[in-house]
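Using this note's numbering, you'd call the opening residue of the sequence shown number 1469 and step up by one each time. No residue lacks a Cβ here, since even glycine has one placed at the ideal position from N, Cα and C. Below: the structure, in structure tokens.
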Amino acid sequence: MKLQKEYIDDFFVRMSHHSCAIENNMISLAETVSIILHRIVPNKVSLRELYEIDNHRYAMEYLFDPDTSEKECTMDILLETHSVLMNRLHHERGKFKTEVNYIKGTEFETTKPSETPLAMKQWVDNINYRMDLVNKEEEIIQLACESHVEFERIHPFADGNGRTGRLMMNHILLKNDIAPFIIEKEEKEKYIFFLSTLDVKGFSAFAEKKIEKERNRIYSFQVNEQKFENDVEP
């Protein structure tokens, strides 16, 4: 999907802010603009939260670069995305978990560390296999949402599972020319409910509505850019 530079900046800021905020990062949207677009660190921002926002930007730059975004989902892309996200934050960045972990607010057990590498290989293989079978937008959105629910159920990393999973979900969408799916921090409770109940159908319906709104936002950026170009023409 070809996106305007102004929209890409907007996407990077909102995705980084909301995805990190879902994980309890307290940096505001305005402060995220300052960090990502202006490279200015606001006063009284904790170092860890700063790294979370800054790393998220770098992870998006990597994952949504044409050299990466046009490729099918691979284990290398997944691990590199996590590695960039967890830079300066966790010693096991880019590596699968070695201890049992949990998702706060849910009751089901995540995959055992010893079973995680195989589970993730199957996760990647299943995405690519099913991608060859779907062609309708709603089917691709459902695949992205279903794969995300499964990813979070496995919870393959010691930390950063939510941020990594939401980026990989958008990798699937953008690769197929579908607008991004940004879950806002205010929607955290609804989002966690979908994950905890493994409600793929409800999650997919929620995603379709959000994606449609994002498509309208992209269109607005396109219109504004065209208007600007027309205004500056001699």
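Inset, instruction - Quick one: give me the first and last residue of the alpha helix (DSSP H) that I1504 is part of. - result: L1497 to L1505
Inset, instruction - Give the secondary structure of E1577 by DSSP, where H, G and I count as helix, E and B as strand, and everything else as coil. - result: coil
Inset, instruction - Determine contact between the segment 1524-1535 and the segment 1605-1623, defined as no fewer than three beta-carbon pairs at a distance below 8 Å. - result: no
Legend entry - Through-space distance from H1616 to S1634, alpha-carbon basis: In the sequence as presented, Ser is not what sits at residue 1634; that position holds Arg. R1634 and H1616: Cα-Cα distance of roughly 7 Å.
Inset, instruction - Would you be able to state if there are at least three C-beta pairs under 8 Å between the segment 1577-1588 and the segment 1636-1645? - result: no
Inset, instruction - Indicate whether T1549 and Y1519 have their beta-carbon atoms separated by less than 8 Å. - result: no
Inset, instruction - Leaving out five residues on either side along the sequence, give the residues of the same chain with a beta carbon under 8 Å from the beta carbon of K1658. - result: F1674
Legend entry - With 16 other Cβ atoms within 10 Å as the buried cut-off, status of K1572: exposed
Inset, instruction - Pair every Cβ in the segment 1617-1628 with every Cβ in the segment 1556-1567, then say whether three or more of these pairs are closer than 8 Å. - result: yes
Inset, instruction - Determine the contact status of K1653 and A1489, defining contact as a CB-CB distance below 8 Å. - result: yes
Legend entry - Span of the alpha helix (DSSP H) around K1473: K1473 to I1490
Legend entry - Cβ pair E1517, I1495 closer than 8 Å: yes
Legend entry - From N1644, T1578, E1614 and E1618, residue whose alpha carbon lies closest to that of D1600: N1644
Inset, instruction - Would you give the residue range spanned by the alpha helix (DSSP H) that M1494 belongs to? - result: Looking at the DSSP string, M1494 is not in any alpha helix (DSSP H), and its letter there is neither H nor E.
Inset, instruction - Please determine, among V1668, E1676 and I1651, the residue with the shortest C-alpha to C-alpha distance to R1482. - result: I1651
Legend entry - DSSP three-state assignment for M1554, whether helix, strand or coil: coil
Legend entry - Contact set for Q1690: own chain, Cβ-Cβ below 7 Å, skip 5 residues either direction: Q1472
Legend entry - Selected residue, minimal CA-CA separation from L1546, among S1688, L1505, T1632 and D1593: T1632
Legend entry - Where F1689 sits in the DSSP three-state scheme: helix
Legend entry - Coil, strand or helix - R1561 by DSSP: coil
Inset, instruction - Report yes if the CB atom of E1575 is closer than 8 Å to the CB atom of S1664, and no otherwise. - result: yes
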